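Each residue of the sequence shown is one higher than the one before, starting from 75 at the first, in this note's numbering.
Cβ coordinates follow ideal geometry from the N, Cα and C atoms, glycine included.
Computed from a predicted model, the values in this text were never measured in an experiment.
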Amino acid sequence: MDTNTNEVSTKSDTVKFFSIFEVMKITGLSRVSVYRRIKDKTLKAIKLGRRVLIPASFLDDLMAEERADLSKNGGEE
Numbered sequence: 075m076d077t078n079t080n081e082v083s084t085k086s087d088t089v090k091f092f093s094i095f096e097v098m099k100i101t102g103l104s105r106v107s108v109y110r111r112i113k114d115k116t117l118k119a120i121k122l123g124r125r126v127l128i129p130a131s132f133l134d135d136l137m138a139e140e141r142a143d144l145s146k147n148g149g150e151e
């Protein structure tokens, strides 16, 4: 098992989740920014007990959208 993700086996597939800290490292966002994006629903998350987990597939889609936006705008923000 990869130590950077949490894996949960389901009937059909293995679903991967990232912790808040892992999302911070991947995206370069601060902890506050990650929670702010969860609150305003731009970042999907689930709460499992006291843990907040972000589905890896959603994070992949979000990063792909950001890359597309950057290439469309010529890298300018």
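What is the rounded straight-line gap between the Cα of residue i and the Cα of residue j?
i    : j    : result
S104 : M98  : 6 Å
D114 : L127 : 16 Å
A119 : G148 : 30 Å
G123 : S107 : 22 Å
Considering only the alpha carbon of each residue, which of the options lies closest to residue i?
i    : options                  : result
T101 : R125, R141, G123 and K90 : R141
F92  : T116, R111 and S131      : S131
K90  : L133, M137 and P129      : P129
Tell me the DSSP secondary structure of residue i in three-state form.
i    : result
R124 : coil
S104 : coil
K99  : helix
K113 : helix
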